[in-house]
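In the numbering used here, the protein residues as written are 157 to 346.
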């Protein structure tokens with residue numbers, strides 16, 4: 157039996173972003189965890205324009221190839237990890253735009269949240285994100301990873317070296333995502 161697909165979605169698209177190191181760390185951690193087949197999705201490379209479809213996403217009548225491609229990417233996933241910074245007490249527009257492009261492709265899938273920032277550890281971003289996830293019928297794990305002062309954990313090679321609490325949180329979150337993904341499979345196949 158094949159493993160469920162977990163997509164790790166790096167939300168920041170800024171030039172010079174440092175959070176990509178956090179996203180690559182959680183990718184390696186998820187691969188070592190072994191509960192999922194892991195795919196890395198960088199929204200900077202996906203490069204979606206601002207939502208430009210003429211029909212509402214719930215209809216699935218996509219006109220533009222970029223939306224069709226994005227739909228195929230998201231549809232093949234069974235679960236997600238959103239890796240997000242905090243911008244102005246919320247999550248980045250790039251993540252909101254990626255979420256808004258689709259509808260049914262997100263439904264009845266589990267999601268884990270990895271946030272990073274300064275003192276707040278990106279927690280205000282995840283707080284703002286949760287109502288959007290609920291509207292898309294995404295089910296967030298209660299366990300999450302919130303990394304304060306994340307720049308202090310980036311080494312001279314540009315790699316994120318996770319502190320022990322981040323690793324413990326990642327393990328708990330991935331364990332919960334495995335359980336949620338199994339339960340939600342029934343909803344998606346009913």
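Ideal placement from N, C-alpha and C gives every residue a C-beta, glycine not left out. Computed from a predicted structure; not experimentally measured.
Quickly, what does DSSP pair residue 236 with across the bridge? List them, please.
-> Your numbering for residue 236 matches position 80 in the chain shown. Paired residues: 163 and 267.
When the Cα of residue 240 is compared with those of 187, 200, 314 and 189, which residue comes out closest?
-> Stepping through the chain shown from its first residue, residue 240 is reached at position 84. Looking at the Cα atoms, 200 is the closest of the given residues.
Kindly identify the DSSP beta-bridge partner or partners of residue 241.
-> By 1-based counting over the chain shown, the position of residue 241 is 85. According to DSSP, which records beta bridges pairwise, residue 241 is partnered with 272.
Have a look at the DSSP bridge pairing and note the partners of residue 246.
-> In the chain shown, counting from the first residue as 1, residue 246 sits at position 90. DSSP output for residue 246 lists 243 as bridge partner(s).
Determine the closest residue to residue 172 out of 323, 314 and 189, with distance taken between C-alpha atoms.
-> Translated into positions along the chain shown, residue 172 becomes position 16. For the residues 323, 314 and 189, the minimum Cα distance to residue 172 belongs to 314.
Leaving out five residues before and five after residue 325 in sequence, what residues of the same chain have Cβ atoms less than 7 Å from its Cβ?
-> Against the chain shown, residue 325 aligns to sequence position 169. Cβ neighbours of residue 325 beyond the five flanking positions: 299, 300 and 301.
How many angstroms separate the CA atom of residue 304 from the CA atom of residue 264?
-> Residue numbering aside, residue 304 sits at position 148 when the chain shown is read from its first letter. Residue numbering aside, residue 264 sits at position 108 when the chain shown is read from its first letter. Their Cα atoms are separated by approximately 30 Å.
Is there contact between the stretch 233-252 and the stretch 279-290, where contact requires at least three CB pairs shorter than 8 Å?
-> yes
Assess, as a yes-or-no matter, whether the stretch 316-331 is touched by the stretch 184-201 under the definition of 3 or more beta carbon pairs within less than 8 Å.
-> yes
Closest by CA to residue 206, which one among 216, 258 and 270?
-> Taking the first residue of the chain shown as position 1, residue 206 is located at position 50. It is 258.
Who are the near neighbours of residue 233 in its chain, counting only those whose CB is closer than 8 Å to its CB and skipping five residues on each side?
-> In the chain shown, counting from the first residue as 1, residue 233 sits at position 77. Excluding residues within five positions, the ones whose Cβ falls inside 8 Å are 161, 162, 163, 195 and 265.
Could you name the residues of the same chain whose beta carbon sits closer than 6 Å to that of residue 159, not counting the 5 residues immediately before and after it, in chain order?
-> The sequence position of residue 159 within the chain shown is 3, counting from 1. Here the set comprises 192 and 193.
Residue of 272, 335 and 282 minimising C-alpha distance to residue 308 = Numbered from 1 along the chain shown, position 152 holds the residue referred to as residue 308. Nearest of 272, 335 and 282 to residue 308, Cα basis: 272.
Let me know the secondary structure DSSP gives residue 258 once reduced to three states.
-> The sequence position of residue 258 within the chain shown is 102, counting from 1. In this structure, residue 258 counts as coil in the three-state DSSP scheme.
Tell me the DSSP bridge mates of residue 302?
-> As a working note, residue 302 is residue 146 in the chain shown. Answer by DSSP bridge pairing, in chain order: 271.
Can residue 165 and residue 237 be called in contact, C-beta distance under 8 Å?
-> One-based indexing of the chain shown puts residue 165 at position 9. One-based indexing of the chain shown puts residue 237 at position 81. Cβ atoms of residue 165 and residue 237: closer than 8 Å.
Among all the DSSP beta bridges, which residues are the ones paired with residue 196?
-> Here residue 196 is taken as the residue at index 40 of the chain shown, counted from 1. Looking at the DSSP assignment, residue 196 forms a beta bridge with 164.
Once you ignore the five residues that flank residue 268 on each side, which residues in its own chain have a CB closer than 8 Å to its CB?
-> Reading the chain shown from its first residue, position 112 is the one you call residue 268. Excluding residues within five positions, the ones whose Cβ falls inside 8 Å are 235, 236, 237, 238, 296, 297, 299, 300, 301, 329, 330, 332 and 333.
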